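In what follows, a structure is listed as structure tokens, so that the remarks can point back to it.
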Amino acid sequence: MPRGVKRRREIDCNGNGCDQSDCPSCKDDPTVMNFTPGGDRDNLWRTQPSLLLTARREAQSRAQDPTASRNRGRVPASLPSAAASPSAPSFRAPVSERAPPQAATASVTPDLTPTEMIDGLDPKVLKDTVIYLASRDSRVAEAIKVAYELQPRHVPIPQETHREQTQRPMRPAIPLSQMQPVVDFDRYSKSAWHALNNSATLGLGGRGLSEEAEEVYDRIRGLVNTIDEKTKEDSPLRTKQSAIETLRKIAKSIILSEDIIGHEMREQLETDSHIADVIVRVLESMTSVERLMTGNKTDAKGSLSDKVEWVRDQAVGYCLEGLYGLDRALEMMKTGSSSLPLAEGSSYAPIDLTS
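Residue numbering for the sequence shown follows our numbering, beginning at 1 and increasing consecutively.
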């Protein structure tokens, strides 16, 4: 070497990290350069040697850490990014595969009160649930029984079965011009009352009063026969209801009549069932709905079924067996049922409006 030329000093820290740019150990350390993505070694040594040495120390510490494999492929935060180093080519760090995002599971039952959830249940589901709970818990069954007994009772309207509908005799439509007008029989009950309470008749005595009692009985029986004849199977419903109401009033007048006239009339009712028979026949000509409507027909003094029941009770007290048939009439008015087939020409026959 020529004299006067200063010899370059070789520096080698043997891997201790001397922080010198011309250190062969630090310059050739692959653990450092591996964290220089696509970079140029000489360029990094000239520009930022301290950062390169820091990366080397971090790489050595990761090599000694058991969890180093988890962080493999990550770039140390101390190294400059590709945008910060214009001389370094673009580099994209490997991205680990991620599990697909899972949709948030919505709550099956929102925050609702038991009352709100019960209101939202299907009626069949609610019924099945109550039946299941009643079979499992005797307290639930007892609560259902108490609730059933406390609820107001309603008389169910019997529904005709398909067989009954098909067996019903077919009737021709009634022309509007041939429809019968509604008949009000109320005047017949007034005639019967005056016959029973005639002051001239009540003033008679002995044999004359007995003969007059027979005449009164014949007159009242004639009124009952007239009502029976004028109330046909196809009569309007209001006509049939008027017939039943009038016959009930006649029976009541006989029960409440005084002196020998009343006594003679009640003796006749011990065997004469004509009044009760006509009432039952008229009810048999109705539909089940019409029977219920007739029994529930109400005025200021009560329903028609209650009034008929009073007459029946008085008849039982006087042993008037001729009126015992009112039991059958009460059953039909309260339940709508009938054991007899529907008579041809019932009051609900179809109406022909074309004529």
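In this text, a Cβ means the ideal position worked out from N, Cα and C, and glycines have one as well.
Please read all numbers here as calculations on a predicted model, not as lab measurements.
Membership of Lys334 in the alpha helix (DSSP H) is indicated by the continuous run 326-335. Here Thr298 is bridged, per DSSP, to Ser303.
Fewer than three beta-carbon pairs drawn from the region 294-303 and the region 250-261 are found closer than 8 Å, and the two stretches are therefore not classed as touching. Of Lys297, Met332, Ile260, the smallest CA-CA separation from Ser285 is found for Met332. The Cβ atoms of Gly325 and Asp272 do not sit closer than 7 Å to each other. Comparing alpha-carbon positions, the option among Ile131, Cys319, Glu290, Gln314 lying closest to Pro236 turns out to be Glu290. Shown here for Ala141: same chain residues with a beta carbon closer than 6 Å to its own, the five before and five after excluded, namely Ala134 in chain order. Shortest Cα-Cα distance from Arg266 to any of Val316, Glu245, Thr239 involves Val316. In terms of Cα proximity to Glu309, the closest of Thr298, Leu330, Leu292 is Leu330. About 17 Å separates the beta carbon of Leu247 from that of Val216, a gap too long to meet the 8 Å contact definition.
Here Ser288 really is in contact with Ser337; their C-beta atoms are around 7 Å apart, less than 8 Å.
When only Cα atoms are considered, Val311 and His194 end up about 19 Å apart. Taken through DSSP and simplified to helix, strand or coil, Asn197 comes out as coil.
With a beta-carbon spacing of about 20 Å, Leu196 and Ser242 fall beyond the 8 Å limit used to define contacts. Closest by C-alpha distance to Leu283, out of Gln314, Glu245, Tyr132, Thr129, is Glu245.
For the pair Lys240 and Thr231, the CB atoms are nearer than the 7 Å cut-off. Between the C-alpha atoms of Glu264 and Ala213 there is a straight-line separation of about 6 Å. Per DSSP, the unbroken alpha helix (DSSP H) holding Ser253 starts and ends at 237-256.
Around the beta carbon of Tyr132, a 10 Å sphere encloses fewer than 16 other beta carbons of the protein chains shown; the residue is thus reported as exposed. In the structure shown, Asp128 falls within a helical segment according to DSSP collapsed to helix, strand and coil.
Membership of Gly120 in any alpha helix (DSSP H) is not indicated, and neither H nor E is assigned to it by DSSP. The shortest C-alpha to C-alpha distance from Lys190 to any of Met117, Pro181, Val224 is the one to Val224.
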